[in-house]
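Here the structure is laid out as structure tokens; the discussion comes afterwards.
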Amino acid sequence: MCTLAVPSCQALTLLLMGAGLVTHARAFESKQGELVAVHIESLTPLQAEQERLRKQKAAQPEAYEDKVMDPNELPALENSDAAVQASDDGLGLRTFGMESRYGFSSYDGSGGFHNRANEWGQRVYFTQQTLNYGEWSLQAEGRLRSGDESFNGGILGYAVQRSSERVTLRNYGLPITSKVFADSAVGDQYTDMTEGLRRNYRLFLGSSVVRGAATRIYGSDFDITAGMGERGRLIGGPFPGFERFGGTLAWLGGTKRLDNGLYGGIQFTQASQVPQNLYTFASSWSDWHLTEAVERVSSMATAIGYGTEPVKDGDYRWRLTWLHSQTGANIVGRNNRADGAFLETGVRLAGLRHEFGLYQADPNLRFGDNLIASDNRGAYWRVDGNTARLSWGLGVDAVQYNPDKESTRQNSRQWGFYGNAQYRINRNDVVGVSGYWNSQRRFDASQNVMTDGQRSLQANAFYQTKFFDWAPTRLRLNVWRNQALVTDDATATGEEVQWEQDWITGKYETMRPELTSTLGYARDRSGGNQQTYPTAGLLGRYWLSSTWNISGTLRYTSRTSNLFTSRGVSGSLNSEAALGSGWHFGVSVSLNQARMQMQNIAGLPNALMTRSNDKSAYVYLRWDGSKGQSLGTLGQRDAQSAGGGTVRGIVFMDVNNDGEQQVGENGVANVEVILDGRYRVMTDASGQFDFPMVATGGHQLSLRAESVPLPWGPAPARNGSVEVPLRGVANVRLPVVRVGGGE
3 MCTLAVPSCQ
13 ALTLLLMGAG
23 LVTHARAFES
33 KQGELVAVHI
43 ESLTPLQAEQ
53 ERLRKQKAAQ
63 PEAYEDKVMD
73 PNELPALENS
83 DAAVQASDDG
93 LGLRTFGMES
103 RYGFSSYDGS
113 GGFHNRANEW
123 GQRVYFTQQT
133 LNYGEWSLQA
143 EGRLRSGDES
153 FNGGILGYAV
163 QRSSERVTLR
173 NYGLPITSKV
183 FADSAVGDQY
193 TDMTEGLRRN
203 YRLFLGSSVV
213 RGAATRIYGS
223 DFDITAGMGE
233 RGRLIGGPFP
243 GFERFGGTLA
253 WLGGTKRLDN
263 GLYGGIQFTQ
273 ASQVPQNLYT
283 FASSWSDWHL
293 TEAVERVSSM
303 ATAIGYGTEP
313 VKDGDYRWRL
323 TWLHSQTGAN
333 IVGRNNRADG
343 AFLETGVRLA
353 GLRHEFGLYQ
363 ADPNLRFGDN
373 LIASDNRGAY
383 WRVDGNTARL
393 SWGLGVDAVQ
403 YNPDKESTRQ
413 NSRQWGFYGN
423 AQYRINRNDV
433 VGVSGYWNSQ
443 RRFDASQNVM
453 TDGQRSLQAN
463 AFYQTKFFDW
473 APTRLRLNVW
483 RNQALVTDDA
493 TATGEEVQWE
503 QDWITGKYET
513 MRPELTSTLG
523 YARDRSGGNQ
533 QTYPTAGLLG
543 RYWLSSTWNI
553 SGTLRYTSRT
563 SNLFTSRGVS
573 GSLNSEAALG
583 SGWHFGVSVS
593 LNQARMQMQN
603 IAGLPNALMT
613 RSNDKSAYVY
623 LRWDGSKGQS
633 LGTLGQRDAQ
643 SAGGGTVRGI
653 VFMDVNNDGE
663 QQVGENGVAN
673 VEVILDGRYR
683 VMTDASGQFD
693 FPMVATGGHQ
703 LSLRAESVPL
713 PWGPAPARNG
723 SVEVPLRGVA
733 NVRLPVVRVG
743 GGE
């Protein structure tokens, strides 16, 4: 017998093991004092690898066991990822909730005129994530008003009907193939636009509301959108409801991108029972059942272009868009057929971003049931630069209204110059300036003689520094010359000097407090009457605890002031507290806040402000819950992140173009905010929005340009990025800036 005690057997064993033929040995122990015999067995390579792994595992130390704390005694963290995983039932994440609101508004007019109204609202929602059928969302809202019949102001949203509702079922990201997806909706929704016609710098195609069905099929190089529904509007409060406008609206469009960077898009729309005179008081704010002439409108928009947004030197893009519309009613002095051509280009050279374009549009140009900038011919150019210390921008806008000089329409020429600059001197000191100057001259078409012209100016300059260990201090000068701030009063002429002080220092990962105060002195010379008065303001947010926060703005000016969009004391106050188990309670108060209206000036729809004397308040109680495990938390998750939080913010009019919201810079309602290029919400009446259940980490926010009314547009050179903390709230302010096209 060959044993390991024999040297020749030892050599044979080593040779066989080295050749891979022997991988296991069994030892049999004999009686005490006898030699140990080893029998050699041949094993396969797979068995040998399994044996190696078994021995490696056996050699590892035992797992660590905590001898101090009992895991069963640790409290469960509410809404933690572990709790979500423990409740996983394999059906995907479901979120559900409801919210009840009660609102009150009042208006005190001249001559002892008083109006009062109450309104109740209820919202319920449910979302369901699926692995193979996209994400489903069902939302239903209803409202009921009582009080004075003629009152429809404040947070109640200027509704005509005493009661209305809104119901929408959506499906996001339904995979048709591995690379083609579909977004669909049934119920009350905004009309869609094909990709090739979106994000125009100066062409405002508008967005309408329908009660119907729509779908969008898209891939990496194409998209198709189609829909049809009953025309209406989402209006009223505390939750907006659908009010019928009469008629229907249908659309069909598509875009195709080629590998060489070229793309083409086209969209057809058909609208019925559209008011013949758009943007009048009757068609905008009153019931569509009032006697007003209506017509059918057929329209088409097509575009061909190249490239995407330029991000580095040498990048460029261009797009040529052609619009055509045909109206059905025959009205004396009005064209039924209208066309428009719009050329826009963008290029980045030597670190500068240029935007310029040409356009011409016939009078009465429509797209769907919206009036487009018409009866004009013009050009614009803007350049922006940004370095480590200096950021600046300059622009010029020239437009002629009624270029054919028809005697029945106003003929005028308008020039606009606007610019902004901000320079960081050192770590603490910054200087900045911004301004907009507009000149308009009118002509008598019949006699061809010049009538009186009109010039306006709005400018702002500031110096920022730090004293002691305080937060930044800003000294500001505001100047107005014949500037139309509101539609219901005289133009503004005057100056204001202002001290603006931040009071919060330190860095915060989450629950960051804010407190900014302003004190000023104004000289108001509007309408030829001079007056002086002090001004003051507060803007802040404070967390009383980890579950209770309060925020708001407050401004004081003279009751006879014409330099601001509000008079006397105005502002808003919001507070919300988490009660536990998914329950939240909140309060909101609004006082004398200015509101936005669409006005038709020289054939161009403009978003202008109007003063109000409304006092409004509402309370709400909300409950949110979830079940199951997320198949893809809202937003694109970072590979190193876990959990989720909430994104909450406001879209505001950045009058002085400094990127920061000051007291008196109002929010913009009904603007579409887009998260990571996919998820969308609309701002409420005060410009606020929120995205619940967003994955932690970095995300991108953008505004749909078609939803921002001219003369305002998304800030072109500012990045809407946000960092979402775990189980926290990320607050963000998104500015819209003046891009020209109006007074």
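Just so we're aligned, residue 3 is where the sequence shown starts under the working numbering, counting upward by one. C-beta: ideal position from N, C-alpha, C; glycine also.
Taking a contact to require three or more Cβ pairs closer than 8 angstroms, the region 401-412 and the region 621-632 do not qualify as touching.
For residue 417, the enclosing beta strand (DSSP E) starts and ends at 413-426.
The Cβ-Cβ distance between residue 305 and residue 199 falls below 8 angstroms. With a contact defined as Cβ atoms closer than 8 angstroms, residue 168 and residue 190 qualify at about 5 angstroms.
Residue 346 counts as buried, since at least 16 other C-beta atoms from the protein chains shown sit within 10 angstroms of its C-beta. Cβ-Cβ distances below 6 angstroms link residue 561 to 569, 570 in the same chain, with the five nearest sequence neighbours on each side left out; the list follows chain order. Residue pairing for residue 733: DSSP places it in a beta bridge opposite 650. In chain order, 423, 424, 425, 426 place their CB closer than 8 angstroms to the CB of residue 392, counting only its own chain and leaving out the 5 sequence neighbours on each side. In this structure, the CA atom of residue 274 is about 12 angstroms from the CA atom of residue 328.
For residue 617, the enclosing beta strand (DSSP E) begins and ends at 616-629. Between residue 685 and residue 696, the CB-CB gap reaches or exceeds 8 angstroms. Residue environment analysis places residue 182 among the exposed positions, since fewer than 16 neighbouring C-beta atoms fall within 10 angstroms of its C-beta. A direct Cα-Cα distance of roughly 34 angstroms separates residue 221 from residue 669.
Here DSSP, grouped into helix, strand and coil, assigns residue 303 to strand. Taking the C-beta atoms as reference points, residue 461 is found no nearer than 8 angstroms to residue 433. Exclusion of the five residues before and after residue 341 leaves 326, 364 as the residues of its chain whose Cβ lies within less than 6 angstroms of its Cβ. Apart from the 5 residues on each side of it in sequence, residue 442 sits with its Cβ closer than 6 angstroms to the Cβ of 414, 416, 456 in its chain, given in chain order. Assigned with DSSP and collapsed to three states, residue 327 falls in strand. Minimum Cα-Cα distance from residue 738 among the listed residues 722, 656, 731 corresponds to 656. By a beta-carbon distance limit of 8 angstroms, residue 620 contacts residue 590. Their separation comes to about 6 angstroms. Non-local beta-carbon contacts of residue 648 in its own chain, meaning distances under 8 angstroms to residues more than five positions away in sequence, involve 692, 693, 694, 695, 696, 726, 730, 731, 732 in chain order.
In the displayed model, residue 669 falls within a strand according to three-state DSSP. For the set 372, 310, 276, the Cα lying nearest the Cα of residue 331 is the one of 276. Just so you know, the alpha carbons of residue 537 and residue 320 end up roughly 46 angstroms apart.
Here the alpha carbons of residue 218 and residue 583 stand approximately 37 angstroms from one another. By the neighbour-count definition (other C-beta atoms within 10 Å, threshold 16), residue 315 is an exposed residue. Around the beta-carbon of residue 374, 16 or more other beta-carbon atoms lie within 10 Å, marking it buried.
For the pair of segments examined, the region 545-557 was found not to touch the region 468-483: the number of CB pairs separated by less than 8 angstroms stays below three. Counting the other Cβ atoms within 10 Å of the Cβ of residue 711 gives 16 or more, which makes it buried. For residue 459, the secondary structure class from DSSP, reduced to helix, strand or coil, is strand.
Under the three-state reduction of DSSP output, residue 548 falls in the coil class, being neither helix nor strand.
Boundaries of the beta strand (DSSP E) around residue 358: 354-363. Around the C-beta of residue 178, fewer than 16 other C-beta atoms lie within 10 Å, and the residue is accordingly described as exposed. Residue burial annotation: residue 518 is buried, with at least 16 other C-beta atoms found within 10 angstroms of its C-beta.
Closest option to residue 173, judged by alpha-carbon separation, among 429, 194, 662, 135: 135.
In the three-state reduction of the DSSP assignment, residue 142 falls in the strand class.
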